[in-house]
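A short write-up of the structure that comes next.
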Amino acid sequence: MLNLAGYEAERRRRLLRDTTPLQRGIIRHLVLVLDMSFAMAEKDLLPTRYRLTLSYAAAFVREYFEQNPISQLAIVGMRDGVAVRVSDMGGNPAEHLERLRDLDGQDPQGNPSLQNALEMCRGALFHAPSHGTREVLIIYGALLSSDPGDIHDTISNLIAERIRVSVVGLSAQVAICAELCSRTNVGDDSQYNVAMDETHFKDLFLAITTPPVNRTKEQSTSSLLMMGFPSRTLAPGGTTSYCACHSKPCREGYLCTRCGVKVCRLPSECPACGLTLILSTHLARSYHHLFPLRNWVEVPWAEATRSIACFSCQCPFPEPPKPNKEKGKDEAPTKAPAKGVSESGRYKCQVCGNHFCIDCDVFAHMVIHNCPGCQSRAPDAAPPIEANGNGHTNGGVMVIDG
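Everything in the sequence shown is counted per the UniProt record's numbering, starting at 1 for the first residue and increasing by one.
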């Protein structure tokens, strides 16, 4: 559990985010490139840059698939002037975490090569379908790049193949990294950042879990994607059968809705017919990126009298202060609360008008991405409010027949 100060800090940081609904690519194909060169042995980030990067990379993998369950990921390393394939493109976080654990026994050495890493990323993203995004995230700790050719030709190829590159630097800013991010992101310079400390590094790392905005006409082209929603099955009589994805015996699994092939986990792609197999909850978890829940506003003491407990958890609110009726005696001046922190401990949804505590505020915006007050209203009683300014309800859920 986070303490109150942590809750308030998280809320103030969330107020800086834009909740405007934008078209985003929720089916992502991302390659994580880790610097494993001599520069990662530095101890300015404890215990070392390399150990901290591996720790944050594991957290990134978990958060990435939590926020993007129908996306895929691959991991590439840079060391000794070459690119090393750590894990192949796939949607199973357990496999990526196992490959990251294997890197614990290795020490960083040699020079990094941006060009070799980007060329390997191009190969990994070559077969990515057109309806998904193609992204590269580079964790770069060195100030040099040992390349075999002209990296500007590689950047031009990345632009032609619609591959976006983001870089998180651990040293000073590098000119070629700034040019790489700017050219592959349609002139957006915000995709290159340099970490100042461990906390800032983690924030920059995990910020990439949010799907990118479609900025160009080619990226915004709509297309239909066929998906299957299989149900979980259990082998009768205690028997087992082999799954088509790993060729391992298992009792339970999911049968492809098109060809009937058994896979052991979802989401996945049918090995026989290529149909994308997911659950309806996977789409619902990705849907909140398109229509984020609006930020709740602070409730002053003047409006706090109409609520005595949190609408969601029923936790009692502090009572409003009583006015000083004695003449000639002024109350001691109170310090103004920080921006984003309510003096009454109440936060109001701008759509339903209900009051919530800070715990429910953080939980609603960071976990469920829906307003309990808006979701509890009867459909016939709820007025047609354009909460996000585009006709969509406030953090509304998507109803899908599984």
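The beta carbon of each residue, even a glycine, is placed where N, CA and C say it ideally should be. Keep in mind the model is a prediction, meaning the values are calculated, not measured.
Item checked: Residue burial classification, D35 (beta-carbon count within 10 angstroms, cutoff 16) -> The residue labelled residue 35 in the question sits at position 35 within the sequence shown. Flag for D35 reads buried.
Next item on the list: Would you grab the beta carbon distance between M40 and G141 for me? Rounded to a whole angstrom, and I think it's under 8 angstroms.
Entry: For the purposes of this step, residue 40 is taken as residue 40 along the sequence shown, with counting starting at 1. For the purposes of this step, residue 141 is taken as residue 141 along the sequence shown, with counting starting at 1. Sure, about 5 angstroms apart at Cβ, within 8 angstroms.
Note to self: Buried or exposed, going by whether 16 or more other CB atoms sit within 10 Å of the CB of K262?
What the structure shows: Taking the sequence shown and counting its residues from 1, one reaches residue 262 at position 262. Under this definition K262 is a buried residue.
Next item on the list: Check whether the Cβ atoms of A160 and N116 sit closer than 8 angstroms, and answer yes or no.
Entry: On the sequence shown, position 160 is the one that residue 160 refers to. On the sequence shown, position 116 is the one that residue 116 refers to. No, the Cβ-Cβ distance between A160 and N116 is not below 8 angstroms.
Check: Is V194 near the ligand ZN, with its Cβ less than 7 angstroms from a heavy atom?
Finding: This structure simply doesn't include the ligand ZN, nor any ligand for that matter.
Notebook entry, point to check: Looking only at C-alpha atoms, which of F65, C357, S37 sits nearest to V297?
Noted result: To locate residue 297, count along the sequence shown from 1; it is residue 297. Among F65, C357, S37, the Cα nearest to that of V297 is on C357.
Next item on the list: Have a look at M120 and V76 and give me their C-alpha separation to the nearest angstrom.
Entry: Locating residue 120 in the sequence shown gives position 120, where the first residue counts as 1. Locating residue 76 in the sequence shown gives position 76, where the first residue counts as 1. Near 8 angstroms, if we compare the C-alpha coordinates of V76 and M120.
Next item on the list: Provide the residue(s) that pair with K262 in DSSP beta bridges, ordered along the chain.
Entry: As a position in the sequence shown, residue 262 is number 262, starting the count at 1. Partner(s): L255.
Next item on the list: Apply the 10 Å Cβ neighbour rule to E135 and answer buried if 16 or more other Cβ atoms are within range, or exposed otherwise.
Entry: Taking the first residue of the sequence shown as position 1, residue 135 is located at position 135. Result: buried.
Next item on the list: Give every residue of the same chain whose Cβ lies closer than 6 angstroms to the Cβ of Y192, excluding the five residues on either side of it in the sequence, and list them in chain order.
Entry: Taking the sequence shown and counting its residues from 1, the one referred to as residue 192 is at position 192. Around Y192: V167, C177, A178, C181.
Check: Quick one: what does DSSP say P267 is sitting in, helix, strand or coil?
Finding: Counting from one through the sequence shown, the residue named residue 267 turns up at place 267. In the structure shown, P267 sits in coil (DSSP, three-state: anything other than H, G, I, E or B).
Notebook entry, point to check: M120 by DSSP, collapsed to three states: which one?
Noted result: Reading the sequence shown from its first residue, position 120 is the one you call residue 120. Helix at M120.
Next item on the list: Below 8 angstroms on the Cβ atoms is my guess for W301 versus P321; work out the distance and round it to an integer in Å.
Entry: The sequence position of residue 301 within the sequence shown is 301, counting from 1. The sequence position of residue 321 within the sequence shown is 321, counting from 1. At roughly 7 angstroms, the Cβ-Cβ gap stays under 8 angstroms, so W301 and P321 are in contact.
Notebook entry, point to check: Smallest Cα separation from P112: which of R122, H96, T184, P148?
Noted result: As a first step, residue 112 must be located in the sequence shown, where it is residue number 112. If we check each option's Cα against that of P112, P148 comes out closest.
Margin query: Please report the straight-line C-alpha distance between T209 and T199, rounded to a whole angstrom.
Written below: Counting from one through the sequence shown, the residue named residue 209 turns up at place 209. Counting from one through the sequence shown, the residue named residue 199 turns up at place 199. Cα to Cα, T209 sits roughly 16 angstroms from T199.
Notebook entry, point to check: Using a Cβ-Cβ cut-off of 6 angstroms (strictly less than) and excluding sequence neighbours within five positions of A124, which residues of its own chain qualify?
Noted result: Looking up residue 124 in the sequence shown gives position 124. Correct list, in chain order: V31, A74, M89.
Notebook entry, point to check: Roughly how many angstroms lie between the CA atoms of D102 and P93, to the nearest whole one?
Noted result: For the purposes of this step, residue 102 is taken as residue 102 along the sequence shown, with counting starting at 1. For the purposes of this step, residue 93 is taken as residue 93 along the sequence shown, with counting starting at 1. Straight-line Cα distance between these residues: approximately 14 angstroms.
Check: Leaving out the 5 sequence neighbours to the left and right, which residues in its chain are closer than 6 angstroms to Y56 when beta-carbon positions are compared?
Finding: Against the sequence shown, residue 56 aligns to sequence position 56. Only K202, F205 meet the Cβ criterion.
Note to self: I'd like the list of long-range same chain contacts for A332, defined as Cβ closer than 6 angstroms, with 5 residues on each side in sequence excluded.
What the structure shows: If you number the sequence shown from 1, residue 332 lands on position 332. The pLDDT assigned to A332 is 47, lower than 50, so where the model puts this residue is not dependable, and the model offers no usable value.
Notebook entry, point to check: Taking just the CA atoms, how far does A364 sit from N185?
Noted result: Reading the sequence shown from its first residue, position 185 is the one you call residue 185. Reading the sequence shown from its first residue, position 364 is the one you call residue 364. Straight-line Cα distance between these residues: approximately 31 angstroms.
Next item on the list: For F65, I'd like the list of residues in its chain whose CB is within less than 6 angstroms of its CB, leaving aside the five on either flank, ordered along the chain.
Entry: Numbered from 1 along the sequence shown, position 65 holds the residue referred to as residue 65. Correct list, in chain order: P93.
Notebook entry, point to check: Which residues mark the beginning and the end of the beta strand (DSSP E) in which T133 is found?
Noted result: Taking the sequence shown and counting its residues from 1, one reaches residue 133 at position 133. That run of the beta strand (DSSP E) goes 133-140.
Notebook entry, point to check: What residue from Q72, L158, C352 has the CA that sits closest to S376's CA?
Noted result: As a position in the sequence shown, residue 376 is number 376, starting the count at 1. For the residues Q72, L158, C352, the minimum Cα distance to S376 belongs to C352.
Next item on the list: Identify whether K327 lies in helix, strand or coil by the three-state DSSP scheme.
Entry: As a working note, residue 327 is residue 327 in the sequence shown. Annotation note: pLDDT 48 at K327 (below 50); position unreliable, coordinate value reported separately. Coil, per DSSP.
Check: For V33, which residues from the same chain have a beta carbon less than 6 angstroms from its beta carbon, with the 5 sequence-adjacent residues on both sides left out?
Finding: What you label residue 33 is simply residue 33 of the sequence shown in a count that begins at 1. Once the five neighbours on either side are set aside, the close Cβ partners of V33 are V76, A117, I138.
Item checked: Nearest candidate by alpha-carbon position, reference A309, set H355, K43, G110 -> What you label residue 309 is simply residue 309 of the sequence shown in a count that begins at 1. Nearest option by C-alpha distance: H355.
Notebook entry, point to check: For the putative contact between L114 and I151, defined by C-beta atoms under 8 angstroms, what is the C-beta separation to the nearest angstrom?
Noted result: Residue numbering aside, residue 114 sits at position 114 when the sequence shown is read from its first letter. Residue numbering aside, residue 151 sits at position 151 when the sequence shown is read from its first letter. That belief holds up - the Cβ atoms of L114 and I151 are roughly 6 angstroms apart, short of 8 angstroms.
Next item on the list: Consult DSSP for H127 and reduce its assignment to one of helix, strand or coil.
Entry: On the sequence shown, position 127 is the one that residue 127 refers to. Note: H127 maps to coil in three-state DSSP.
Note to self: Relative to the C-alpha of L293, which candidate in F229, R251, R99, N370 has its C-alpha closest?
What the structure shows: As a first step, residue 293 must be located in the sequence shown, where it is residue number 293. Of F229, R251, R99, N370, the residue nearest in Cα terms is N370.
Note to self: Can you find the residues in the same chain that come closer than 8 angstroms, C-beta to C-beta, to D107, ignoring five residues on each side of it along the sequence?
What the structure shows: By one-based count along the sequence shown, residue 107 stands at place 107. Contacts found: A41, Y50.
Next item on the list: Would you mind stating whether L54 and L46 have Cβ atoms separated by less than 8 angstroms?
Entry: For the purposes of this step, residue 54 is taken as the residue at position 54 of the sequence shown. For the purposes of this step, residue 46 is taken as the residue at position 46 of the sequence shown. Against a cut-off of 8 angstroms, the Cβ pair of L46 and L54 comes out as no contact.
Next item on the list: Can you grab the Cα-Cα spacing for the pair T281 / G237, in whole Å?
Entry: Here residue 281 corresponds to residue number 281 of the sequence shown, with the count starting at 1. Here residue 237 corresponds to residue number 237 of the sequence shown, with the count starting at 1. Going by the C-alpha atoms only, they are around 29 angstroms apart.
Checklist line | When G260, M78, P249, V362 are compared against S145, the one with the closest alpha-carbon | finding: Here residue 145 is taken as the residue at index 145 of the sequence shown, counted from 1. Nearest option by C-alpha distance: M78.
Notebook entry, point to check: Pick from T276, Q173, A244: whose alpha carbon is nearest that of L143?
Noted result: Residue 143 sits at position 143 when you count from the first residue of the sequence shown. For the residues T276, Q173, A244, the minimum Cα distance to L143 belongs to Q173.
Next item on the list: Would you tell me roughly how many angstroms separate the C-alpha atoms of G132 and E343, rounded to the nearest one?
Entry: Working through the sequence shown from its first residue, we reach residue 132 at position 132. Working through the sequence shown from its first residue, we reach residue 343 at position 343. Distance between the alpha carbons of G132 and E343: 44 angstroms.
Margin query: What ranges does the alpha helix (DSSP H) occupy inside the segment 161-205, keeping only unbroken runs of at least 4 residues that lie completely in it?
Written below: 175-184
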